[in-house]
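Novice: Protein chains in written order, with this note's numbering: chain A, 40 to 314; chain B, 40 to 314; chain C, 40 to 314; chain D, 40 to 314.
Glycine included, C-beta positions come from ideal geometry on N, C-alpha and C.
1. Where residue 329 of chain B and residue 151 of chain B are concerned, what is the direct C-alpha to C-alpha distance, given to the nearest angstrom?
2. Ignoring anything shorter than 4 residues or poking outside the stretch 90-152 of chain C, list the alpha helix (DSSP H) runs there in chain order.
3. Taking only three categories from DSSP, how would you classify residue 297 of chain A?
4. Please report how far the alpha carbon of residue 115 of chain C lies from the alpha carbon of residue 86 of chain C, in whole angstroms.
5. With DSSP as the reference, label residue 168 of chain C as helix, strand or coil.
6. Whose C-beta lies closer than 6 Å to the C-beta of residue 295 of chain B among residues of the same chain, with five residues either side of it excluded?
7. So which residues of chain D does residue 283 of chain A contact, with C-beta pairs closer than 7 Å?
8. Of all Cβ atoms in chain B, is any one closer than 9 Å to the Cβ of residue 129 of chain C?
9. May I ask you to check if the CB of residue 58 of chain C is nearer than 8 Å to at least one heavy atom of the ligand FAD?
10. Kindly indicate which three-state DSSP category residue 212 of chain B falls into: helix, strand or coil?
11. What did DSSP end up calling residue 278 of chain A once you bin it into helix, strand or coil?
12. What's the call for residue 288 of chain B, buried or exposed, on a 16-neighbour Cβ count within 10 Å?
13. Can you name the residues of chain B whose CB is closer than 8 Å to the CB of residue 289 of chain A?
14. In whole angstroms, what is the alpha-carbon distance linking residue 275 of chain D and residue 93 of chain D?
15. Under 7 Å Cβ to Cβ from residue 134 of chain C, same chain only, skipping five residues before and after it: list those, please.
16. Taking the beta carbon of residue 170 of chain D as the centre, do at least 16 other beta carbons fall within 10 Å, making it buried, or is it exposed?
17. Can you list the beta strand (DSSP E) stretches of 3 or more residues lying completely in the stretch 222-275 of chain A, in chain order?
18. Note down, in chain order, each residue of its chain lying with its Cβ closer than 6 Å to the Cβ of residue 63 of chain B, except the 5 sequence neighbours on either side.
19. Would you please state the rounded distance, in angstroms, between the beta carbons of residue 72 of chain C and residue 244 of chain D? I believe it to be under 8 Å.
20. Cβ of residue 7 of chain B less than 9 Å from any chain A Cβ?
21. Can you find at least 3 beta carbon pairs, one from the stretch 259-277 of chain B and one from the stretch 296-313 of chain A, that sit closer than 8 Å?
22. In whole angstroms, what is the alpha-carbon distance linking residue 189 of chain A and residue 176 of chain A?
23. Just to check my reading of the structure: residue 198 of chain D and residue 215 of chain D have Cβ atoms closer than 8 Å, yes? What is that Cβ distance to the nearest angstrom?
24. From the DSSP output, in three-state form, read off residue 193 of chain D for me.
25. Quick check on the burial criterion: 16 or more other C-beta atoms within 10 angstroms. Buried or exposed for residue 168 of chain D?
26. Could you have a look at residue 52 of chain B and say whether DSSP puts it in helix, strand or coil?
27. From D:67, D:88, D:256, D:232, pick the residue whose C-alpha is nearest to that of residue 117 of chain D; which is it?
28. Output, in chain order, the set of chain A residues within a Cβ distance shorter than 7 Å of residue 79 of chain B.
29. Along the alpha helix (DSSP H) that carries residue 79 of chain D, what are the first and last residues, could you check?
30. Where does the unbroken alpha helix (DSSP H) through residue 186 of chain B begin, and where does it stop?
31. In three-state DSSP terms, what is residue 292 of chain B?
32. Kindly say whether residue 40 of chain A, judged by its beta-carbon, lies nearer than 9 Å to any beta-carbon of chain B.
33. Relative to the C-alpha of residue 141 of chain D, which residue among D:121, D:156, D:66, D:97 is closest?
34. When you compare each of B:58, B:78, B:76, B:68 to residue 90 of chain B by their alpha carbons, which one comes out closest?
35. Leaving aside the five residues before and after residue 28 of chain C along the sequence, list all residues of the same chain whose C-beta is less than 6 Å from its C-beta, in chain order.
36. Excluding five sequence neighbours on each side, which residues of the same chain lie with their C-beta closer than 6 Å to the C-beta of residue 156 of chain C?
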């Protein structure tokens, strides 16, 4: 296979973060607002975890993308400032982490436009990247995004190579992801959350890094893109932060092209035959 | 025990695949059609994963059986062509991955006849093998299959040695399987799928290979048949494909007779005292 | 602590088996009778698994107790004969694996009397041991058992040392157990079973043996009784049978007193100050 | 970071225990009272497990805090006496392990006052520490506690450093915890409990200690407080008790300041700039 990554590298690594804060709880059930402990666990992400992650990214000189629901961005402006100060990209992730397929198209448009407006105000430029909250979209999502200048999204799971969505003249690049490279399912426990307990077995760091490394190496075999989807309330915990360090080190060891969403988007669009 | 496998081998290994694509989602709940990401994860199987698996099978010179819902076969003709070009067998797996016990007998007959007709057209010969979608059947399934020329099925879990079903003069061979040698329960995550979240803890490759190897070795002790039941949307992922390579290598190391469904069926029927 | 086991041994090991067959499925929901594959998985226990277990017990010269629902005993008389021929004890485990707390007291009496009658006929002597199906009882169970000559039960989890239940002059010895030394939760998968999917993550053999060994060694520290609760449809699988061999070998290595239920019952009742 | 722990130590370790006994079952569903085995498993905690834990704490000279629902304290006075005799602290944990957010404010006040009264009678002094049952509180809980002289609680998850709650002049210190350092989710199995089965995969001791150690070490990097939340019915089991020994030894090895709740509370309040 002819590698398509800068410098002849055979794999790209995209270390991305979804800074969901308490929004994921409020979006699924407003009653969670009355659960101070459940909310506090989620608040750990923007209060503490994001800073731990930024430290690791700075230490290893990695530029990343943080997809931030704008309700969280407004509630924790310091976290957003720190992300921008670190040279990272801000991406769309809904306003209140709304699951797009549960909205009407009009509601979905309002969420996208509102979150574009807020991120633009906070960062001084319009966001070009997006990841769908809860990793699900509606049949209208891609068109709504592309019509409003969004250049890439990172949610689909049917490829390990970037590709353009078919959108009748509109252009939206996909930077695919997959559950195996998402920290949530290996650790997230929120047993009192409404509407239903949220319980995953907490796997060891070795377990998680073993799977992420295997996915990274397997994607290298086909010249693709490895997308890590981490959450500061999970990977920002003291016991877990080392998994981020280890997978970044591994990507460096195998000479992956480490880049954030906008860099990958720019590169892919610069190729002679994008696709 | 007197070994009953060719060349005096003491164990047989049947590496089989269920190419479910999006059909498993549509069969359990039509609302899944409106979930592009959930569907894209399932589409990875026939779009990408199946080719990764075919590469490994070609590399290790293994002939296999792919059980394919005919809705998937029609939607992804390229995948079917690649399977046939690799010298593999096509087997029945419903049309839309319908769970037989939830159909009326008339509906079940229609599904079987339709899927036989489609596979016959695509491959130029009638299928002789079958595995039940969701690993469940109705009390009528075996008779319906045998009456229509199906020679073997591979779904029961009450033996590790092939055996003939009791069907009043009809002949249907069972190539038994078991959950432990199925990749799904060690990896499948589809949290947004209707009607209910589908979440399994993702185990490491070492974990999975350890169990498959133990089952293979244990079955060798009794001269039986090891049936691997893999899904391209699971084992075809970059992080997982190595498990297939490793279990095939292990089967070769212990000198297993590696064969696909029709070869095992032919061999078993050629024995002096089939049973 | 003053060891209370024969020969001054500091721990006893009771390797017991619940031969549930299909009864556990029929007891929870009669619709399971219409699921041939789900039933076949359960049938593996009395059809195949029990013989694998008997082989290991014979090989390692262990005398054991098999708690058998009498519906299973009548359906698989060959399994019962093989258990008795191996010198093992038969114990009560309901007729159709009925959960005692869901029965009226009259129904519970009928089940106990029926299963005593059937086991007596099959083995030539009345059973003296019992384990409650599903590891739950009603407030009346212990009295019902003791009034009918049952001398011990093995279901409680509040001790690691045998003890007598308080029953107003009746005598019933408890041989306690615990979930950690039960094979079911580490392996049982029956996703199509009514009324609800039954899914446990399948752990590796090393995982399981590590926990059983730790429990055995921890119980030795307090001079107690280690009770293994295995199911032929689980531990009798080819991949799992080695866990039984390994834990028995470990018990021998640490010089445990290995005995079945009736031997432990007889020993405990022979102590100067039973308690 | 300027370490804030005595002797210039860079991390504190708080080994705490929730002695829930059967109260957790009765609080969620009174029908559990009719399940003798399910209740017996829970009773193992105050009957046996707590003594095993006290042995380890004595052996390693650790002073700890036991949060005890007062219904359990009254039912098992011997356990409470042993805790006090070991020099440990008693903390509030509801009367019947009531989940505060499901109570009216009046009911919550009654529970707090009743449990303060009972613990005061049993120990001769009013309790100053609290942990919320089920790790959830109501919006009123902190104020209710602080108004009644409680000085610290240990339930929030949004920090790894102690902090004071904002309570309009009232003073309540938080000693934060997190699910990863709670033994329950790695082991608790109670499949027959009402209103729903309670099933967690039982992880190995190495698995659990690996995560606890990583959390402890990670918290040391930020000079924080590691809070272990163990349950005698879980960690007091023979197979599990070694995890407690190992994590305490590890804390000693890295020179953590090992203290109980009241000691940490006193130290933090003595700092020049508490916060």
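Specialist: If we stick to the structure as given:
1. For residue 329 of chain B there is no data in the structure shown, the boundaries of chain B being 40 and 314.
2. 109-114, 116-124
3. For the purposes of this step, residue 297 of chain A is identified with residue 258 of the first chain, where counting begins at 1. Residue state, collapsed to three classes: strand.
4. Within the third chain, numbered from 1, the residue matching residue 115 of chain C stands at position 76. Within the third chain, numbered from 1, the residue matching residue 86 of chain C stands at position 47. Spanning the two alpha carbons is a distance of roughly 8 Å.
5. Sequence index remark: in the third chain, residue 168 of chain C carries index 129 (1-based). The answer is strand: DSSP assigns residue 168 of chain C an E or B state.
6. As a working note, residue 295 of chain B is residue 256 in the second chain. Answer for residue 295 of chain B: 50, 52, listed in chain order.
7. Indexing the first chain from 1 puts residue 283 of chain A at position 244. Those do not exist, as residue 283 of chain A stays about 12 Å from chain D at its closest Cβ, beyond 7 Å.
8. Taking the third chain and counting its residues from 1, one reaches residue 129 of chain C at position 90. Cβ-Cβ to chain B under 9 Å: no for residue 129 of chain C.
9. Looking at this structure, you won't find the ligand FAD or any other ligand, since it has none at all.
10. Along the second chain, one-based indexing puts residue 212 of chain B at 173. Correct three-state label for residue 212 of chain B: strand.
11. As a position in the first chain, residue 278 of chain A is number 239, starting the count at 1. Looking at residue 278 of chain A - three-state DSSP - the assignment turns out to be coil, as it is neither helix nor strand.
12. Along the second chain, read from residue 1 onward, the residue named residue 288 of chain B stands at position 249. So residue 288 of chain B ends up on the exposed side.
13. Here residue 289 of chain A corresponds to residue number 250 of the first chain, with the count starting at 1. Simply none; closest approach about 13 Å.
14. Counted from its first residue, the fourth chain places residue 275 of chain D at position 236. Counted from its first residue, the fourth chain places residue 93 of chain D at position 54. C-alpha separation (whole angstroms): 9 Å.
15. As a working note, residue 134 of chain C is residue 95 in the third chain. 108, 109, 110, 150, 153, 154.
16. As a working mapping, residue 170 of chain D is identified with position 131 in the fourth chain. With 16 or more other Cβ atoms within 10 Å, it is buried.
17. 264-269
18. Indexing the second chain from 1 puts residue 63 of chain B at position 24. These residues qualify, in order along the chain: 136.
19. In the third chain, residue 72 of chain C corresponds to position 33, counting from 1. In the fourth chain, residue 244 of chain D corresponds to position 205, counting from 1. No, residue 72 of chain C and residue 244 of chain D are not in contact; Cβ-Cβ is about 41 Å, not under 8 Å.
20. The displayed coordinates of chain B run from 40 to 314. Any statement about residue 7 of chain B would go beyond what the structure contains.
21. no
22. Against the first chain, residue 189 of chain A aligns to sequence position 150. Against the first chain, residue 176 of chain A aligns to sequence position 137. Distance between the alpha carbons of residue 189 of chain A and residue 176 of chain A is about 15 Å.
23. As a first step, residue 198 of chain D is located in the fourth chain; it is residue number 159 there, counting from the start. As a first step, residue 215 of chain D is located in the fourth chain; it is residue number 176 there, counting from the start. Indeed they touch by this definition, with Cβ atoms about 5 Å apart.
24. Numbered from 1 along the fourth chain, position 154 holds the residue referred to as residue 193 of chain D. Correct three-state label for residue 193 of chain D: coil.
25. Taking the first residue of the fourth chain as 1, we reach residue 168 of chain D at position 129. Its Cβ being crowded by 16 or more others within 10 Å, residue 168 of chain D is buried.
26. Translated into positions along the second chain, residue 52 of chain B becomes position 13. In the structure shown, residue 52 of chain B sits in a strand (DSSP, three-state: E or B).
27. By one-based count along the fourth chain, residue 117 of chain D stands at place 78. Checking every option, the nearest Cα to that of residue 117 of chain D belongs to D:88.
28. Your numbering for residue 79 of chain B matches position 40 in the second chain. Near residue 79 of chain B (Cβ distances below 7 Å), the residues of chain A are 195, 196, 197.
29. Start at 1 with the first residue of the fourth chain, and residue 79 of chain D comes out as number 40. Segment 75-83, the alpha helix (DSSP H) holding residue 79 of chain D.
30. Walking along the second chain from the start, residue 186 of chain B turns up at place 147. Start and end: 180-186.
31. In the second chain, residue 292 of chain B corresponds to position 253, counting from 1. The answer is helix: DSSP assigns residue 292 of chain B an H, G or I state.
32. Start at 1 with the first residue of the first chain, and residue 40 of chain A comes out as number 1. Note on residue 40 of chain A: pLDDT 47, under 50, position unreliable in the model; no value is reported.
33. Looking up residue 141 of chain D in the fourth chain gives position 102. If we check each option's Cα against that of residue 141 of chain D, D:66 comes out closest.
34. Numbered from 1 along the second chain, position 51 holds the residue referred to as residue 90 of chain B. Of B:58, B:78, B:76, B:68, the residue nearest in Cα terms is B:58.
35. Here chain C covers residues 40 to 314 and nothing more, so residue 28 of chain C does not appear.
36. Counted from its first residue, the third chain places residue 156 of chain C at position 117. Excluding sequence neighbours, residue 156 of chain C sits near nothing in its chain.
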